[in-house]
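**Q** Here it is, the structure, as structure tokens.
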Amino acid sequence: MFLSLALVLALTPALALARTSDRNKPMDIDAGHSDYSMDDSRPTTLSGGVIITQGTLDIRSNQAVITSRDGEPVRAVLTGAPVTLKQELDDGKQMDAVAKKVDYDLKSEIVVFTGGVNIRQPSGSIAGERVVYNMKTGQVQGGGQDAGRVKIRIIPKNSQGGG
């Protein structure tokens, strides 16, 4: 089951050209408590200050819940106050993401960030109450209906070096 969890969490931060070599590095998971079954009868739950590291990837949350079907992970939900995600990009620059909840559907490859979302990288940032990232297409959607407004900042290339 932890192998399934590792696969789910290794794929979650693939935002904006995250460091590709991180996926080949060992993953370390540290939590105050774990509850899992050897079959798919119930989800795997990690709680108590969950810390996940793999290469330059660093994820911190209060809880991680992994749902599997037919022995394969299908969904990962991370919650926290907030969930934080940091990773070095392939170009050596840093990507930081913060949200109260991160919900990753493995089949559709869609990651939904909700609650105080702020995703920052040198090329710009996006902030709002709800941001949806499609890993297949690279499309990012923010705001909409009851999710409030979205704020986007685009940094000119000649200004990105200073951070």
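So for the sequence shown, the working numbering puts the first residue at -19; every next one is plus one. By construction, the Cβ of each residue, glycine as well, lies at the ideal position given by its N, Cα and C atoms.
(1) Using only the alpha-carbon positions, how far apart do T36 and L69 sit?
(2) Just grab the DSSP bridge partners of R129 for me.
(3) Nearest to E109 by CA position, among G96, Q119, Y84, T59, is which residue?
(4) Only counting the same chain, and skipping five residues up and downstream in sequence, which positions put a Cβ closer than 6 Å to that of N114?
(5) DSSP on K137, reduced to helix/strand/coil?
(6) Taking the alpha-carbon of S139 as reference, which of D85, P102, S17, V130 has the nearest alpha-carbon?
(7) Would you report the Cα separation of F93 and G123, rounded to the nearest angstrom?
(8) Near Q43, what residues of its chain come up, given a Cβ to Cβ distance below 6 Å and the 5 sequence neighbours on each side ignored?
(9) In its own chain, which residues sit with a C-beta less than 7 Å from the C-beta of G128, not counting the 5 before and 5 after it?
(10) Might you give, ordered along the chain, the residues of its own chain that have their beta carbon closer than 6 Å to the beta carbon of K80, omitting 5 neighbours on each side?
(11) Thinking C-alpha only, which one of G12, I99, S21, R55 is nearest Q74?
(12) Is DSSP giving D2 helix, strand or coil here?
(13) Thinking D15 and S48 are a contact (beta carbons under 8 Å), I'd like their distance in whole angstroms, please.
(14) Based on DSSP bridge pairs, tell me the residues matched to N98.
(15) Is it buried or exposed for Q119, if we count other Cβ within 10 angstroms and need 16 for buried?
**A** To lay it out plainly:
(1) Walking along the sequence shown from the start, residue 36 turns up at place 56. Walking along the sequence shown from the start, residue 69 turns up at place 89. Approximately 9 Å between the Cα atoms of the pair.
(2) As a working note, residue 129 is residue 149 in the sequence shown. R129 is not bridged to any residue.
(3) For the purposes of this step, residue 109 is taken as residue 129 along the sequence shown, with counting starting at 1. Here the closest residue by C-alpha is G96.
(4) Against the sequence shown, residue 114 aligns to sequence position 134. The answer, listed in chain order, is I90.
(5) Position 157 of the sequence shown, counting from 1, holds the residue named residue 137. Residue state, collapsed to three classes: helix.
(6) Taking the first residue of the sequence shown as 1, we reach residue 139 at position 159. It is P102 whose Cα lies nearest to the Cα of S139.
(7) Here residue 93 refers to the residue found at position 113 when the sequence shown is read from its first residue. Here residue 123 refers to the residue found at position 143 when the sequence shown is read from its first residue. F93 and G123: Cα-Cα distance of roughly 11 Å.
(8) Translated into the one-based positions of the sequence shown, residue 43 becomes position 63. Closer than 6 Å at the Cβ level, and outside the excluded window around Q43, lie S27, T59.
(9) Counted from its first residue, the sequence shown places residue 128 at position 148. Hits under 7 Å: G108, E109.
(10) Working through the sequence shown from its first residue, we reach residue 80 at position 100. These residues qualify, in order along the chain: P62, G95, G96.
(11) Residue numbering aside, residue 74 sits at position 94 when the sequence shown is read from its first letter. Checking every option, the nearest Cα to that of Q74 belongs to I99.
(12) Stepping through the sequence shown from its first residue, residue 2 is reached at position 22. Of the three classes helix, strand and coil, the one that applies to D2 here is helix, per DSSP.
(13) Numbered from its first residue, the sequence shown carries residue 15 at position 35. Numbered from its first residue, the sequence shown carries residue 48 at position 68. Contact doesn't hold; Cβ gap of about 14 Å is too wide.
(14) On the sequence shown, residue 98 is found 118 positions in, with the first residue counted as 1. Answer by DSSP bridge pairing, in chain order: V78, A107.
(15) To locate residue 119, count along the sequence shown from 1; it is residue 139. Exposed, by the Cβ-count rule.
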